[in-house]
Structure formats: C-alpha cells, structure tokens
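Quick notes on the structure that follows.
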Amino acid sequence: MLQEKLKTVRTILYITENNKKWLEAQPRGQRTRIVNEAIQQLQNEKIRKEKKQRLLNTLDNLPLYATNGISPKAVLQAERDKKTGL
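Residue 6 in the numbering used here sits at position 13 of the sequence shown, and the numbers go up by one each step.
Set out below in structure tokens:
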C-alpha cells in the first residue's frame, strides 16, 4: 500500500504522564499517526461547532417579512410554486 508522504516537522509536546505511558505502549510507527489524527479530529470538531454557531446566528437574525396571517409554510410553498411554474 502506497501512502502519500506528508511534510512533517519535529516539535515538542507536553503531555500527561498517563498519556505518555499509553502512547509509548503503542507500536512505534503508529504514535505520530495517532497524535496527528487526534489533533485533526479536534480541529474538525471546532470547525463544525463554529459553522453551526454561524448558521444559528444567521437563523436568529433573519429579516422578518409580513405574511398577512398566512403561515410561513404556505408562503414558502407559494414561492416554490412561482419558481417551478405550478
């Protein structure tokens, strides 16, 4: 199996003693992969949370439109019908 070699850099990390013991118990070739995957997972989670918060903020700040007592569902359906020509 061929894997793309990504550019890597050497760094110093300060981890707890328990994490160090656990990491040392992992196969030598897997340690860097484990750390990189954990960091990537945290990055993805943070990005997902930020996107969710932006979406919720957008929904909370939508402009209000007068519907003259018509339900929003009916208004949306009418707009869809206009676009599809029904």
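We treat Cβ as the ideally placed atom computed from N, Cα and C, and that holds for glycine. Just so it is clear, the structure is predicted and the values come from calculations on it, not from any experiment.
- Here DSSP, grouped into helix, strand and coil, assigns Q70 to helix.
- Per DSSP, the unbroken alpha helix (DSSP H) holding A31 starts and ends at R24 to D53.
- For N61, there is no enclosing alpha helix (DSSP H), since its DSSP letter is neither H nor E.
- A straight-line Cα-Cα distance of about 38 Å links T4 and N50.
- In this structure, N29 is the residue among N29, R47, N37 and N11 with its C-alpha nearest to the C-alpha of T1.
- Beta-carbon to beta-carbon, Q34 and I27 are separated by about 11 Å, too far to satisfy the 8 Å threshold.
- For Q70 and P56, the gap between their C-alpha atoms comes out near 18 Å.
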